[in-house]
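In the working numbering, the protein residues as written are 1 to 131. Notes for the one structure printed next.
Here it is in structure tokens:
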């Protein structure tokens, strides 16, 4: 089947829908097994939108084997994951952007509004989520 037909019927790109479905299935399995606990803060991850897959130890420029090591994988809240040194501190914050909020941790009114607007659009299937 043509991806254009799939995109039209799903109301979003097929790849976006597939990734969202995978994340929903993963979250459902985590909940069923009581594994939906954040590696960073220890609190329950309550929705699939909050779920983030992360490496416990950084692998980039360290050891590529850490990327594939399943013992190095953890689940966390997206916000907890983004606030743990994964920020792009070397570049200036562009205020009023989703990236400013999620990756730089900026909580100014403009970045907070941009994050809220982006998530609203994402839930409606109008944009891809940037995790």
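Every residue, glycine too, gets a C-beta built ideally from N, C-alpha and C.
> Is the region 34-46 in contact with the region 11-19, if contact means three or more CB pairs nearer than 8 Å?
Replying inline: no
> Between 73, 49, 82, 46, which lies nearest to residue 59 when the distance is taken from Cα to Cα?
Replying inline: 73
> Exposed or buried, residue 42, counting other C-beta atoms within 10 Å across all chains shown (16 or more means buried)?
Replying inline: exposed
> For residue 88, does the count of other Cβ atoms within 10 angstroms reach 16, so buried, or fall short, so exposed?
Replying inline: For residue 88, the pLDDT reaches just 46, beneath the cut-off of 50, and the residue's location in the model is therefore unreliable, although a value from the coordinates is still provided. Residue 88 should be labelled exposed.
> If you drop the 5 nearest sequence neighbours on each side, which residues of the same chain put their C-beta closer than 6 Å to that of residue 28?
Replying inline: none
> Just the Cα atoms here: how many angstroms apart are residue 68 and residue 3?
Replying inline: 30 Å
> Which of the three DSSP states, helix, strand or coil, is assigned to residue 4?
Replying inline: helix
> Distance, Cα to Cα, residue 93 vs residue 71?
Replying inline: 33 Å
>> Helix, strand or coil, according to DSSP, for residue 60 in the structure here?
In response: coil
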